[in-house]
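Below: one structure, written as structure tokens.
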Amino acid sequence: MRQWFKSGTPWIWLNGGAVAMCMIMVIGLIGLIAVRGFAHFWPSDVAVIDMTDASGEQSTIMGELVRSQVISAAVARDSGETVPDDIELVTRHLFKLGNRDQTGRDFVWYLELGMGPWQYPEDVFVVERREWGNFYGQPLALIREGNVISTPGDADFWPQLQASVDRSLALFNEIRRLERGEIGRINTGIEQLRLDERNLQLNPPPADIEARERERIAAASARFDADYAVLREELDAIYQSTQRDTLRMQTANGNEVDITLATIVRVTAPNAMSVFAKLVQYVERLWEFMVDEPREANTEGGIFPAIFGTVTMVLVMSIMVTPFGILAAIYLREYAKQGTMTRIIRISVYNLAGVPSIVYGVFGLGFFVYFLGGNIDQLFYEASLPAPTFGTPGLFWASLTLALLTLPIVIVSTEEGLARIPSTIRQGSLALGATKSETLWKVIVPLATPAMMTGLILAIARAAGEVAPLMLVGVVKLAPTLPIDGTFPYIHLERKIMHLGFHIYDVGFQSPNVEAARPLVYATALVLVMLIVILNLTAISIRNHLRERYRSASD
């Protein structure tokens, strides 16, 4: 046994077991997040159940089963439920009832006691709305301009309903295109004219030039006003057209509700759908989650602005951290005199990696935003004051703060890569007549490229998951516009952005509807985890490729 321990075999098995346990834990975590998050997009059947309470009063519930749990009868009694004394355990079910605008409640627990048989009528519709969440009920009629044009008994009811929904969606997209595109362009132009006029007041030019400028501003303003009047008329006509169709529904308690199709995203009948139809619907909902904008306090809709903001911020951060990190590492390893001061600098760089990220956020807010941004506004954007341009949190300051946070990772990784290159390669290059600069940039740096790329991608992976500093320097709950669009100069570094990590925090801890937010927290977390996994796999792939490319040169 002693000889066996001395051979090192037990430690090999222990390391292998530890790696296997880590892999199982990681896969299990990702699987748990995936099941609890992406299962939300599956079109669940809608149950209709007759309830009888302890007093004999009857009611009907209609909704999707979210989850069930077994609790003690004492807990049920403490929550106000009536449970017979001879019962110790009871089962309760959480239903998503929707119809929040009618009842004020979206998710409700019901005890299994008093429940009748669970029925799944095929004529139950799920209406997904832009406001007030889902609506559950049975259709009564499709109304157009106040007249009933089709009822559920008609053969063409479903095709007409879907055609009307598609028309409403097309009108909604046209409205969004006009408001954010054409009218947004006009508003940007008017704001620029206001700034030009303000500049004339702050820095008056010669009288003849000022007169020409004011004439140009007046003419441009008149053109914008004329264009806006045309667009406003077109927009009013589209808004009026969206009110054409109405769907009349009946709730579980018999109330009739008219829902304007302008507020509807999708109408489905999950109880009548086949497995294949549900699979198609699942893919559509999942795709919408990835490419749409959030709504309903971020508890509905998609996360595309958060994905776009995260990727844009990381790219800008990479552009800033790469040259500074690599050049700093090259100086410390190749040019700096190795003495006490160099050791102090190197220790300081190592310690920077251990500073809490929120400290970087406070520094970024105080130095980058208030000091640098405030001075930039005074020098270049005086006409916009007191409204700040760069003197407020935004994309550029968030990226710069993350660049400072991840700088030690790039420096340490690059310096380690430079240190691993054998001295014989340097000596051979110098012996062949190359200068120190040529040896560094044509021999040493290419050989250290795998370490540089690994450090950069690891920095990107960390930056993608940071939340605390971003809350102070540029990330918001809901950004009205993307940082990149079709308006000159196309890349707007001063704009605020959304971020996947902050989106998870906001939905999970700030949402007014906890149950509706729960699956979106898991789904968004899985997207963030997969993004980081992809970045790490990319790092490994690039490192291995570059290592194989320069293996013969370093041997």
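The sequence shown runs 676 to 1230 under this note's numbering. Every residue gets a Cβ at the ideal spot worked out from N, C-alpha and C, and that includes glycine.
What's the call for residue i, buried or exposed, on a 16-neighbour Cβ count within 10 Å?
i	result
LYS1171	buried
ILE1019	exposed
TYR811	buried
PHE1046	exposed
ALA901	exposed
ASN930	exposed
THR1015	exposed
MET700	exposed
THR1110	exposed
SER734	exposed
PHE1043	buried
ARG1218	buried
ILE1166	exposed
PRO1068	buried
ALA1106	exposed
THR985	buried
MET1127	buried
Any idea which residues DSSP pairs residue i with across the strands?
i	result
GLN915	In the DSSP output, where bridge partners are listed per residue, GLN915 has none listed.
PHE800	GLY812
PRO969	GLY976
ALA722	GLY738
ILE1166	ILE1159
VAL823	ILE818
ILE934	LEU922
LEU1195	In the DSSP output, where bridge partners are listed per residue, LEU1195 has none listed.
SER743	HIS768
TYR785	HIS768
THR778	In DSSP, THR778 forms no bridge with anything.
ARG941	GLU803
TRP793	ILE724
GLN733	THR727
Less than 7 Å between the beta carbons of residue i and residue j, yes or no?
i	j	result
TYR1197	GLY703	no
GLU888	LEU875	yes
GLY808	ARG775	yes
VAL1182	LEU1195	yes
PHE832	ALA944	no
LEU1241	LEU1145	Because the chain is modelled from 676 through 1230, residue 1241 falls outside the range shown and cannot be assessed.
LEU1201	ALA709	yes
ASP920	ARG819	yes
VAL721	ASN946	yes
ILE939	ALA1003	no
PHE1231	VAL991	Outside the modelled stretch of the chain, which goes from 676 to 1230, sits residue 1231, for which no answer is possible.
PHE983	LEU1157	yes
LEU868	ALA895	yes
GLU1169	THR1076	no
ILE850	ILE913	yes
LEU936	ILE858	no
THR1124	LEU1221	yes
Between residue i and residue j, how many whole angstroms is the CB-CB distance? I'm expecting something under 8 Å.
i	j	result
LEU628	SER747	There is simply no residue 628 to check, as the chain begins at 676 and stops at 1230 in what is shown.
GLU971	GLU806	7 Å
ALA1154	LEU877	Not confirmed; about 30 Å, so no contact.
ARG767	TRP793	So it is not a contact: roughly 15 Å between Cβ atoms.
GLY692	GLY738	Wrong, their Cβ atoms sit about 47 Å apart, outside the cutoff.
ALA1138	THR1089	Not really, about 17 Å apart at Cβ, beyond 8 Å.
SER1032	ALA1143	5 Å
HIS1174	MET988	7 Å
ALA1028	VAL1150	Wrong, their Cβ atoms sit about 22 Å apart, outside the cutoff.
ILE892	GLU866	That pair is no contact at about 12 Å.
GLY1036	GLY1049	Not quite, the Cβ-Cβ distance comes to about 18 Å (not below 8 Å), so this is no contact.
SER843	THR757	Incorrect: roughly 45 Å between the Cβ atoms, too far for contact.
Closer than 6 Å by C-beta to residue i: which residues in its own chain qualify, once you throw out the five before and the five after it? Chain order, please.
i	result
ILE1084	GLY1130, LEU1133, ALA1134
THR1017	ALA1011
VAL1120	none
VAL932	MET924
ALA816	VAL823, THR826, ARG923
GLU797	ASN946, ALA947
GLN786	The question names Gln, yet the displayed sequence has Leu at residue 786. Closer than 6 Å at the Cβ level, and outside the excluded window around LEU786, lie GLU756, VAL765, ARG767.
Which residues in the same chain as residue i place their Cβ atom closer than 7 Å to its Cβ, once the five residues preceding and following it in sequence are excluded?
i	result
VAL1118	ILE1100, SER1104
MET790	ILE724, MET726
GLY993	For the record, residue 993 in the displayed sequence is Ser; it is not Gly. These residues qualify, in order along the chain: LEU1131, ILE1135.
Does any residue of chain D have a CB that is nearer than 7 Å to the CB of residue i?
i	result
ASN862	Among the chains of the structure shown, chain D does not appear; only one protein chain is present.
Which residues in the same chain as residue i place their Cβ atom closer than 8 Å to its Cβ, once the five residues preceding and following it in sequence are excluded?
i	result
LEU1060	ASP1052, GLN1053
VAL942	PHE800, VAL801, VAL802, GLU803, LEU836, GLN837, VAL840, LEU922
LEU961	PHE713, PHE716
SER1186	ALA972, ASN973, THR974, ALA1192
PHE856	One point to set straight first is that residue 856 is Gly, not Phe, in the sequence displayed. Hits under 8 Å: GLY1161.
PRO879	GLU885
GLY864	ALA895, PHE899
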